[in-house]
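Going down the list, the protein sequences come from chains C and L.
Residues in the first sequence are numbered from 1 upward in steps of one, following my numbering.
Residues in the second sequence are numbered from 463 upward in steps of one, following my numbering.
Number of protein chains: 2
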Amino acid sequence: MSSAAIDFARQNQPRFLEELKALLRIPSISTLPDHNADTRHAAEILAAEMKRIGLKNVRLIETTHGGQAGHPLVYGEWLHAVGKPTVLCYGHYDVQPPDPLDEWLTPPFEPTERNGNLYARGAVDDKGQMYMHLKALESLFESGKGKLPLNVRVILEGEEEVGGEGIAAFVREHPEELKADFALVSDTEMFAPDLPTLCVGLRGMIYTEIEVRGAKTDLHSGMYGGAAPNPFVALAQIIAGLKDREGKILIPGFYDDVEVPSAEEKAAWKRLPFDEEHYREKEVGSPVLTGEAGHSVLERTWARPTLDVHGMPGGFTGAGAKTVIPARATAKVSMRLVPGMTPKKSFAQYMSFVESLTPKGVTVEVRMIHSGDPIVVGTDNPYVTAAKGAMREVFGKETVFVRGGGSIPIVGDFERHLKIPTVMMGFGLPDDNLHAPNEKFHIANFYRGIESVIRMFERLGG
Amino acid sequence: MSSAAIDFARQNQPRFLEELKALLRIPSISTLPDHNADTRHAAEILAAEMKRIGLKNVRLIETTHGGQAGHPLVYGEWLHAVGKPTVLCYGHYDVQPPDPLDEWLTPPFEPTERNGNLYARGAVDDKGQMYMHLKALESLFESGKGKLPLNVRVILEGEEEVGGEGIAAFVREHPEELKADFALVSDTEMFAPDLPTLCVGLRGMIYTEIEVRGAKTDLHSGMYGGAAPNPFVALAQIIAGLKDREGKILIPGFYDDVEVPSAEEKAAWKRLPFDEEHYREKEVGSPVLTGEAGHSVLERTWARPTLDVHGMPGGFTGAGAKTVIPARATAKVSMRLVPGMTPKKSFAQYMSFVESLTPKGVTVEVRMIHSGDPIVVGTDNPYVTAAKGAMREVFGKETVFVRGGGSIPIVGDFERHLKIPTVMMGFGLPDDNLHAPNEKFHIANFYRGIESVIRMFERLGG
């Protein structure tokens with residue numbers, strides 16, 4: 001089925017891609033204060049583009065948390081499709097830090113095309129996917145002579161990678177300003193290349209720091225080794241106590257509220273084209289996969305809680321040898337939560353267990369850095385039906401339902417405060433290297449994403 | 463008893479101190495390649511000073527190891543005291559890295575006097591103590607009209623803090639060039655302020671890195687948590703397996719060859735003025751002391767092997783949150799060895815046990831960075847007698863014999879290849895912050911050290 005908007009989108013593919021590259025050149029790394037100006041610059045560029053394509057009432061919404069200025073939200077709307085549904089398009093313009101830099105084949109903020117992919121930090125997470133929405137809207141405005149087939153609100157945030165407190169507060173405090181029938185989020189991936197996918201569940205998370213302090217100052221390990229506590233050894237003992245060698249988390253009560261997926265959902269997962277050996281070798285690349293016995297890989301990554309350590313700052317990390325017993329050491333530890341669990345209860349269980357695991361001679365402080373609720377969204381609504389139909393046209397295949405192992409806390413906020421369902425229609429691929437060196441976006445999926453959004457919106461407005 | 467050399471040393475104290483400050487301003491950090499030029503500069507300054515005071519045949523001796531250029535040795539001699547003993551004066555001009563920089567009250571390479579102390583990296587370890595030897599020799603040359611009471615060789619190294627491979631090779635390959643009757647090393651500390659101390663035993667060490675590799679690249683902990691191995695968790699499990707919560711090392715066979723100190727030596731240690739509570743509160747500053755049950759603090763730090771972790775580089779160590787499962791992580795782990803143990807056997811036991819502790823899903827590589835033998839030196843020789851007599855004159859007290867928890871591998875090399883005993887006569891204090899921020903040297907001890915060396919050499923030549 002042809003459409004003037006689709007034609008416009010196809011004719012303008014090269015320009016759309018160049019615009020995306022320009023956006024990817026801005027190192028909007030939200031967790032690094034040195035990049036605050038870059039992050040704001042990305043917000044301003046997007047606001048200008050939203051105005052240009054025809055959205056109204058475009059503005060930056062400042063955020064604050066803990067008394068400190070955050071990164072702004074970008075808002076725009078077009079609300080003149082009388083009697084038609086309203087979509088809330090969400091995306092984020094901030095990105096993860098690019099380190100380790102020396103593992104990138106081309107620099108993270110110099111977008112580079114190779115083998116049909118666009119390589120850059122943020123290519124798929126989430127600048128590229130967020131930009132699909134804007135380019136679909138531009139195509140619909142152009143072909144519709146300044147009108148859209150449905151009502152649209154767009155909200156973009158710059159703090160997704162640092163916990164999203166700003167947008168969470170805005171949704172909680174101003175739900176009327178985001179009033180819509182459903183939300184559209186493109187920040188997930190397809191289960192396999194060419195397989196249209198909707199994500200219907202996400203894990204939540206708690207991201208923490210455990211700081212251990214021993215001696216009052218760094219000490220020489222020759223002189224004091226045998227009498228002074230070693231904070232890294234203490235952290236190792238704590239971490240080793242949190243999770244056993246089979247991947248089972250040992251925090252008392254941690255699994256108590258875990259909701260087991262339905263037999264039907266588990267059966268559908270078994271039918272997905274999943275090659276565990278390919279996944280192990282090509283995606284993970286480790287000798288064996290790890291995790292809880294008795295659960296499949298998809299269950300372990302979608303429907304089971306996990307615990308990971310991301311880094312252990314402190315002490316001597318340079319080349320060579322320094323014989324120091326550091327006064328303190330920190331571990332960055334996060335847990336993924338699944339439906340049934342809550343960040344508050346899980347954190348309390350965790351903190352109390354960490355304290356009980358702390359050896360004598362050191363003191364421990366456990367800090368929550370950020371958290372997000374796990375969620376499961378419904379599949380029985382017209383928005384999911386429109387999304388499936390749109391992707392059937394674009395891909396020529398039926399859509400599969402999957403869950404995601406990561407967290408998109410805003411989806412829970414939309415559900416809780418706006419009382420609307422979210423359609424998670426993402427176009428990433430499993431090997432897109434999210435949060436890792438050589439992040440990429442398959443360029444064909446950028447274009448298919450734009451067309452899927454166009455067709456979905458035309459169906460809902462038709 | 464007065465002496466022209468002592469008079470000269472006393473008159474020149476202010477100049478000696480200024481010269482030491484100039485030496486301390488050179489950041490001769492041997493482990494950091496960026497400071498290679500500084501390290502060489504320190505060697506050249508010392509060679510010039512050795513020539514100026516009257517030593518002969520002064521030269522830099524280049525070192526290489528593993529095909530790479532090392533930091534030079536500095537050599538000088540005066541061998542015209544016919545029939546008198548020959549001393550080999552040893553010291554090192556390299557220093558530890560100064561980090562964490564923000565804990566220094568004044569910058570590490572801007573020597574600053576406060577409360578009778580000189581604060582700088584290397585003040586006591588070992589530039590200040592090494593410089594005592596040169597200033598004692600200068601005083602003896604000046605008062606002796608260009609002659610010394612005994613024969614002297616001076617050898618200084620610039621790699622003590624990185625394993626001392628260069629001097630070890632030189633001693634092994636050219637023992638005839640260092641032929642002497644005994645060695646004098648001032649790189650240890652006094653047991654208490656005003657208590658003259660000779661060190662008669664040192665722990666050895668092995669300094670290692672354990673590198674764990676999991677996935678082939680960094681992965682997103684949301685997408686892969688539950689299936690991908692986590693190298694930090696693996697390291698925590700390994701480290702927690704190496705040492706129990708009571709401080710006992712669990713490596714099979716590790717304690718088999720440990721020589722227990724004699725009942726007489728242990729009894730002498732009990733008579734030392736050691737206040738465990740003061741040590742805990744003022745030196746270590748931790749809630750309790752740690753270490754093996756059933757052994758006193760002095761036994762634990764002098765005569766028991768230990769295991770410490772110095773840092774765990776890898777992963778995300780910045781501020782905030784990054785949800786990465788790092789592809790690899792490293793732990794810097796060292797063990798102190800005591801008489802009876804050998805680095806070779808202990809490393810083999812350790813490596814094999816680390817491998818057995820490695821969980822599935824990751825690969826491990828254990829690297830030896832450097833090592834040193836533990837040693838015990840004799841106390842029944844004329845050099846120790848002369849040192850005791852000299853310090854009795856300077857301090858007005860009898861000398862105590864202690865051991866050191868740290869390592870001075872060269873002392874073992876002198877014993878093995880030159881067949882000579884070493885007198886370890888040091889003037890540091892327990893709170894001098896070796897290898898830590900705010901390293902200092904008590905200025906009075908700098909002067910007392912110079913006088914002790916003068917009087918010791920006059921006794922041996924008298």
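Beta carbons: idealized from backbone N, C-alpha and C, even for Gly.
C-beta atoms of residue i and residue j nearer than 8 Å
{"i": "L:Met512", "j": "L:Gly911", "result": "no"}
{"i": "L:Phe857", "j": "L:Pro658", "result": "yes"}
{"i": "L:Gly802", "j": "L:Glu721", "result": "yes"}
{"i": "C:His174", "j": "L:Ala898", "result": "no"}
{"i": "C:Ala331", "j": "C:Ile249", "result": "no"}
{"i": "L:Phe772", "j": "C:Lys270", "result": "Here the sequence assigns His to residue 772 of chain L, which means Phe is not the residue at that position. Not closer than 8 Å, so no."}
{"i": "L:Gly620", "j": "L:His503", "result": "no"}
{"i": "L:Ala696", "j": "L:Val824", "result": "yes"}
{"i": "L:Tyr555", "j": "L:Leu596", "result": "no"}
{"i": "L:Ser796", "j": "L:Asp770", "result": "yes"}
{"i": "C:Arg203", "j": "C:Leu105", "result": "no"}
{"i": "L:Arg707", "j": "C:Gln96", "result": "no"}
{"i": "C:Gly318", "j": "L:Thr493", "result": "yes"}
{"i": "L:Arg790", "j": "L:Val662", "result": "no"}
{"i": "L:Ile831", "j": "L:Thr670", "result": "yes"}
{"i": "C:Val162", "j": "L:Gly703", "result": "no"}
{"i": "C:Arg59", "j": "C:His417", "result": "no"}
{"i": "C:Val284", "j": "L:Ala689", "result": "yes"}
{"i": "C:Phe347", "j": "C:Ile239", "result": "no"}
{"i": "L:Ile872", "j": "L:Gly626", "result": "yes"}
{"i": "C:Ser139", "j": "C:Phe8", "result": "yes"}
Buried/exposed call for residue i, threshold 16 Cβ in 10 Å
{"i": "L:Asn519", "result": "exposed"}
{"i": "L:Gly923", "result": "buried"}
{"i": "L:His740", "result": "exposed"}
{"i": "L:Val544", "result": "exposed"}
{"i": "C:Thr63", "result": "buried"}
{"i": "C:Gly428", "result": "buried"}
{"i": "C:Asn445", "result": "buried"}
{"i": "C:Ile193", "result": "First, the residue type needs correcting, since residue 193 of chain C is Pro and not Ile in the sequence shown. So C:Pro193 ends up on the exposed side."}
{"i": "L:Lys589", "result": "buried"}
{"i": "L:Ser724", "result": "exposed"}
{"i": "C:Lys145", "result": "exposed"}
{"i": "C:Arg153", "result": "buried"}
{"i": "L:His904", "result": "buried"}
Beta bridge counterpart(s) of residue i as assigned by DSSP
{"i": "L:Gln530", "result": "L:His527"}
{"i": "L:Leu657", "result": "L:Ala654"}
{"i": "C:Met205", "result": "C:Arg336 and C:Gly372"}
{"i": "L:Met887", "result": "L:Leu660"}
{"i": "L:Arg576", "result": "L:Asn579"}
Expected contact under 8 Å - CB spacing of residue i and residue j to nearest Å
{"i": "C:Gly378", "j": "C:Thr188", "result": "Actually they do not touch by this definition, with Cβ atoms about 16 Å apart."}
{"i": "C:Gly225", "j": "L:Thr752", "result": "About 10 Å; that fails the 8 Å criterion."}
{"i": "C:Pro85", "j": "C:Leu150", "result": "5 Å"}
{"i": "C:Ser452", "j": "C:Ala390", "result": "5 Å"}
{"i": "C:Leu55", "j": "C:Glu77", "result": "6 Å"}
{"i": "C:Phe141", "j": "C:Pro27", "result": "Going by Cβ atoms, the distance from C:Phe141 to C:Pro27 rounds to 30 Å, so no, they are not a contact pair."}
{"i": "L:Ala642", "j": "L:Val549", "result": "6 Å"}
{"i": "L:Val838", "j": "L:Leu660", "result": "At roughly 13 Å, the Cβ-Cβ gap does not stay under 8 Å, so L:Val838 and L:Leu660 are not in contact."}
{"i": "L:Pro693", "j": "L:Pro775", "result": "Wrong, their Cβ atoms sit about 11 Å apart, outside the cutoff."}
{"i": "L:Ala585", "j": "L:Pro573", "result": "7 Å"}
{"i": "C:Phe191", "j": "C:Val402", "result": "5 Å"}
{"i": "L:Glu754", "j": "L:Gly709", "result": "5 Å"}
{"i": "L:His527", "j": "L:Gly628", "result": "6 Å"}
{"i": "C:Asp125", "j": "C:Leu434", "result": "5 Å"}
{"i": "L:Asp680", "j": "L:Val786", "result": "5 Å"}
Closer than 7 Å: residue i CB and nearest the ligand FMN heavy atom
{"i": "C:Leu88", "result": "Of ligands this structure carries none, so the ligand FMN is not represented either."}
ask   = Name the residues in the segment 839 to 857 of chain L whose C-beta lies less than 8 Å from a C-beta of chain A; which are they?
value = The displayed structure is made up of protein chains C and L, and chain A is not among them.
message = For a minimum of 4 consecutive residues, which ranges assigned as the alpha helix (DSSP H) are wholly contained in the segment 731 to 795 of chain L?
response = Counting whole runs of 4 or more residues, the segment 731 to 795 of chain L contains the alpha helix (DSSP H) stretches 759 to 764.
task = Counting only runs of 4+ residues fully inside the segment 383 to 434 of chain C, write out the alpha helix (DSSP H) ranges in chain order.
result = Listed in chain order, the alpha helix (DSSP H) elements of length 4 or more contained wholly in the segment 383 to 434 of chain C are 409 to 413.
request  = Return the chain-ordered ranges of every beta strand (DSSP E) run that is complete within the segment 9 to 88 of chain C and spans a minimum of 3 residues.
outcome  = Note on the segment 9 to 88 of chain C: whole beta strand (DSSP E) runs with a minimum of 3 residues are 56 to 61 and 73 to 78, in chain order.
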